[in-house]
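Asks: Protein chains in written order, with my numbering: chain Y, 109 to 300; chain R, 77 to 268.
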Amino acid sequence: MNDVSSKTDQEIVSLLKTDDAYFGIIIDRYEAKLSRYISRMSKPSNEDREDILQNVFLAVYKNINSYNSEMSFNSWIYRITHNETISYWRKGKRDKENISMNDEDVSGIEDLFGENNLDIDIEEKDAKIIAVKVLDEMDPKYREVLVLKNMEGYSYEEISDILKKPVSTVGTLVSRAKKSFENISRKYYEQN
Amino acid sequence: MNKIKQDILNKIKEGEIKKTSPWYFTSKDYFFKILFGVSVVIGSFGFSSALVQLFVKPDDHMRMEFSKDWFEYFLVSAPYLWIVFLLIFTLIGWFNFKNTENGYKKNNLLVIIISVLISVVLGSVLFASGAAHKMDSELRGMVKPYKNFQDRRMDHRKEFLNKVKERRRGGFDRPGIINPENQRPLPEIDIN
Numbered sequence: 109m110n111d112v113s114s115k116t117d118q119e120i121v122s123l124l125k126t127d128d129a130y131f132g133i134i135i136d137r138y139e140a141k142l143s144r145y146i147s148r149m150s151k152p153s154n155e156d157r158e159d160i161l162q163n164v165f166l167a168v169y170k171n172i173n174s175y176n177s178e179m180s181f182n183s184w185i186y187r188i189t190h191n192e193t194i195s196y197w198r199k200g201k202r203d204k205e206n207i208s209m210n211d212e213d214v215s216g217i218e219d220l221f222g223e224n225n226l227d228i229d230i231e232e233k234d235a236k237i238i239a240v241k242v243l244d245e246m247d248p249k250y251r252e253v254l255v256l257k258n259m260e261g262y263s264y265e266e267i268s269d270i271l272k273k274p275v276s277t278v279g280t281l282v283s284r285a286k287k288s289f290e291n292i293s294r295k296y297y298e299q300n
Numbered sequence: 077m078n079k080i081k082q083d084i085l086n087k088i089k090e091g092e093i094k095k096t097s098p099w100y101f102t103s104k105d106y107f108f109k110i111l112f113g114v115s116v117v118i119g120s121f122g123f124s125s126a127l128v129q130l131f132v133k134p135d136d137h138m139r140m141e142f143s144k145d146w147f148e149y150f151l152v153s154a155p156y157l158w159i160v161f162l163l164i165f166t167l168i169g170w171f172n173f174k175n176t177e178n179g180y181k182k183n184n185l186l187v188i189i190i191s192v193l194i195s196v197v198l199g200s201v202l203f204a205s206g207a208a209h210k211m212d213s214e215l216r217g218m219v220k221p222y223k224n225f226q227d228r229r230m231d232h233r234k235e236f237l238n239k240v241k242e243r244r245r246g247g248f249d250r251p252g253i254i255n256p257e258n259q260r261p262l263p264e265i266d267i268n
């Protein structure tokens, strides 16, 4: 277990396949990132977020032998997180009323206001508040690609691996998601 | 160590969660690949039998009746059972392909087109080699419901053919007097 910080995820996973002690390192590396991603995707309560996160790591451990090193480990663990979050939605546990995202949770999405097709003059603080409302109103299939593309900063190929969809489909979804974001944002902008 | 990490590691340590064997994932992937192959091959049997029904089985007089109208001939004698069979197995093949490890990367339409094309090519080879004809006869002998279905279809065809003949005898399609100069029928004279 010496000097694991210099080891790549792939190397840690190879070691983990034979030695469970390395699993703690995977948790340390991904807990914060995945927790933020879960919040962005579903706005759960703290308790629910911890439940999802625990389920994610247990699924990672259970299925570690299915991981193929041709794919990035990051995409693979995000795929599991995505699936666990979706199954959390399906169980109907999502509580819209009591939850709010913090500023960091939406960082990246407010850039969409400045894109060519959405030239809205808006204060940064307001942009974040509106962005949370817009995201919440969006169709989940559009929200998930927007979160992955604009907030998590993934490429189309990585999103394709996470969502298990062809790259061309991801491209179409991102384009429609931006359009949907634009339409809902305009509605909020006109109201205020 | 935080609570989530501690809980996960405890569950693993207490043996509540175990790693799934790599063999499970490998065999699952092969299972879907083999099922895809089997679906395509069964689809090709369907297509080759369709060719037998279209080009070998029809009565000569039927072919003569419709010799000028291939579309009508196809509608009357199309082997719908085998066409549906081909479509069903194409969809099963597509589903299995999508469940293979990298199947999601391929475009859905492309997978379906390639699957149908393989079935068509393989089916044509079976037809050209005479294997399809033999298989159809064997199937009639071995599977009674199939024989009954095909017999019923032949009865419908004969019935349809008789109706067409009656219609033609009624004068709608009766050939008129041929003009020897241009070999075209002379227009009928309305004697009323």
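Yeah, the Cβ is synthetic: ideal placement off N, Cα and C, and Gly gets one too. For clarity, every value in this text was computed on a predicted model and none was experimentally measured.
Go to T193/Y, then tell me how far its alpha helix (DSSP H) extends in each direction, as first and last residue.
Replies: Locating residue 193/Y in the first sequence gives position 85, where the first residue counts as 1. Where T193/Y is concerned, the enclosing alpha helix (DSSP H) stretches over F181 to R198.
Asks: Grab the span of the alpha helix (DSSP H) containing Y106/R for me, first residue to last.
Replies: Numbered from its first residue, the second sequence carries residue 106/R at position 30. Here the alpha helix (DSSP H) through Y106/R covers P98 to F131.
Asks: Please find out if some non-hydrogen atom of the ligand ADP comes closer than 8 Å to the beta-carbon of S177/Y.
Replies: The ligand ADP is absent from the structure shown, which contains no ligand whatsoever.
Asks: Any C-beta of chain R sitting closer than 9 Å to the C-beta of E118/Y?
Replies: For the purposes of this step, residue 118/Y is taken as residue 10 along the first sequence, with counting starting at 1. Reading off the sequence, residue 118/Y comes out as Gln, not Glu. Answer no: the Cβ-Cβ gap between Q118/Y and chain R never drops below 9 Å.
Asks: Where does I207/Y fall in DSSP's three states?
Replies: Numbered from its first residue, the first sequence carries residue 207/Y at position 99. The predicted position of I207/Y is uncertain, since its pLDDT is 49 and thus under 50; a value taken from the coordinates is nonetheless stated next. Here I207/Y sits in coil by DSSP.
Asks: Excluding sequence positions up to five away, which residues of its chain have a Cβ less than 7 Å from the Cβ of I267/Y?
Replies: In the first sequence, counting from the first residue as 1, residue 267/Y sits at position 159. Hits under 7 Å: V253, L256, K257 and V278.
Asks: Would T116/Y be called buried (16 or more neighbouring beta carbons within 10 Å of its own) or exposed?
Replies: Position 8 of the first sequence holds residue 116/Y. When all chains shown are included, T116/Y counts as exposed.
Asks: Looking at chain R, is there any beta carbon in it that lies within less than 9 Å of the beta carbon of G261/Y?
Replies: The residue labelled residue 261/Y in the question sits at position 153 within the first sequence. No, G261/Y does not count as interfacial toward chain R.
Asks: Which of helix, strand or coil does DSSP assign to D127/Y?
Replies: Looking up residue 127/Y in the first sequence gives position 19. D127/Y falls in the coil class under three-state DSSP.
Asks: Helix or strand or just coil, what does DSSP make of V219/R?
Replies: Locating residue 219/R in the second sequence gives position 143, where the first residue counts as 1. V219/R: coil per DSSP, three-state reduction.
Asks: Take K94/R as the anchor and find which of V168/Y, E158/Y, K295/Y and I120/Y has the nearest alpha-carbon.
Replies: Along the second sequence, one-based indexing puts residue 94/R at 18. Checked all of V168/Y, E158/Y, K295/Y and I120/Y; the closest Cα to K94/R is V168/Y.
Asks: Assuming I160/Y contacts Y196/Y (C-beta within less than 8 Å), just tell me the rounded distance between them.
Replies: As a working note, residue 160/Y is residue 52 in the first sequence. As a working note, residue 196/Y is residue 88 in the first sequence. Going by Cβ atoms, the distance from I160/Y to Y196/Y rounds to 5 Å, so yes, they are a contact pair.
Asks: Using CA atoms only, rank isn't needed, just tell me which of N178/R, G113/R, E92/R and P155/R is closest to M230/R.
Replies: Here the question's residue 230/R lines up with position 154 in the second sequence. Of the candidates N178/R, G113/R, E92/R and P155/R, the one whose C-alpha sits nearest the C-alpha of M230/R is P155/R.
Asks: Quick one: give me the first and last residue of the alpha helix (DSSP H) that L254/Y is part of.
Replies: What you label residue 254/Y is simply residue 146 of the first sequence in a count that begins at 1. It spans P248 to L254 - the alpha helix (DSSP H) in which L254/Y sits, taken as one unbroken run.
Asks: Could you work out which residues of chain R lie near S182/Y, taking near to mean beta carbons separated by less than 9 Å?
Replies: As a position in the first sequence, residue 182/Y is number 74, starting the count at 1. Reading the sequence as shown, one finds Asn at residue 182/Y and not Ser. None at all; the shortest Cβ gap to chain R is about 17 Å.
Asks: Kindly indicate which three-state DSSP category G261/Y falls into: helix, strand or coil?
Replies: Counted from its first residue, the first sequence places residue 261/Y at position 153. Of the three classes helix, strand and coil, the one that applies to G261/Y here is coil, per DSSP.
Asks: Could you tell me the alpha carbon to alpha carbon distance between R251/Y and L243/Y, rounded to whole angstroms?
Replies: Here residue 251/Y is taken as the residue at index 143 of the first sequence, counted from 1. Here residue 243/Y is taken as the residue at index 135 of the first sequence, counted from 1. So the alpha carbons of these two residues sit roughly 6 Å apart.
Asks: Can N173/Y and K125/Y be called in contact, C-beta distance under 9 Å?
Replies: On the first sequence, position 65 is the one that residue 173/Y refers to. On the first sequence, position 17 is the one that residue 125/Y refers to. A contact, by the Cβ cut-off of 9 Å.
Asks: With C-beta atoms as the reference, is F112/R less than 9 Å away from T176/R?
Replies: As a first step, residue 112/R must be located in the second sequence, where it is residue number 36. As a first step, residue 176/R must be located in the second sequence, where it is residue number 100. Cβ atoms of F112/R and T176/R: closer than 9 Å.
Asks: Quick check: P248/Y and N183/R, are their CB atoms within less than 9 Å of each other?
Replies: Along the first sequence, read from residue 1 onward, the residue named residue 248/Y stands at position 140. Along the second sequence, read from residue 1 onward, the residue named residue 183/R stands at position 107. No, these two residues do not count as a Cβ contact at 9 Å.
Asks: Identify, in the order they occur along the chain, each residue of the same chain with its Cβ nearer than 7 Å to the Cβ of S108/R, setting aside the five sequence neighbours on each side.
Replies: As a working mapping, residue 108/R is identified with position 32 in the second sequence. First, the amino acid is wrong: residue 108/R is Phe here, not Ser. Only N172, N175 and T176 meet the Cβ criterion.
Asks: Roughly how far, in whole angstroms, is the beta-carbon of Y180/R from the beta-carbon of K272/Y, given that I think they are within contact range, below 8 Å?
Replies: Taking the second sequence and counting its residues from 1, the one referred to as residue 180/R is at position 104. Taking the first sequence and counting its residues from 1, the one referred to as residue 272/Y is at position 164. The Cβ separation is near 4 Å, so the contact holds.
Asks: So, helix, strand or coil for D111/Y, using DSSP?
Replies: Your numbering for residue 111/Y matches position 3 in the first sequence. It is coil, neither helix nor strand.
Asks: Does the beta carbon of N154/Y come closer than 9 Å to any beta carbon on chain R?
Replies: Along the first sequence, one-based indexing puts residue 154/Y at 46. Output row for N154/Y: interface = no.
Asks: Quick one: is E192/Y buried, meaning 16 or more other Cβ sit within 10 Å of its Cβ, or exposed?
Replies: Mapped onto the first sequence, residue 192/Y falls at position 84. Buried.
Asks: Tell me which residue opens and which closes the alpha helix (DSSP H) that E298/Y is part of.
Replies: As a position in the first sequence, residue 298/Y is number 190, starting the count at 1. Start and end: V275 to Q299.
Asks: Skipping 5 residues on each side, what residues in its chain have a beta carbon closer than 6 Å to that of Y186/Y?
Replies: On the first sequence, residue 186/Y is found 78 positions in, with the first residue counted as 1. Cβ within range, chain order: I270.
Asks: Taking the alpha helix (DSSP H) that Y156/R belongs to, which residues open and close that run?
Replies: Indexing the second sequence from 1 puts residue 156/R at position 80. First-last of the alpha helix (DSSP H) with Y156/R: Y156 to K174.
Asks: So with CB distances below 8 Å, who are the chain Y contacts of I194/R?
Replies: By 1-based counting over the second sequence, the position of residue 194/R is 118. Result: empty, since nearest Cβ-Cβ is about 20 Å, beyond 8 Å.
Asks: Please compile the residues from chain R whose C-beta is within a distance smaller than 7 Å of the C-beta of L166/Y.
Replies: Here the question's residue 166/Y lines up with position 58 in the first sequence. Correct list: I84, K87 and I93.
Asks: Of the residues that make up the segment 183–209 of chain R, which ones have a beta carbon closer than 7 Å to any beta carbon in chain A?
Replies: Absent from the structure: chain A. Protein chains present are Y and R.
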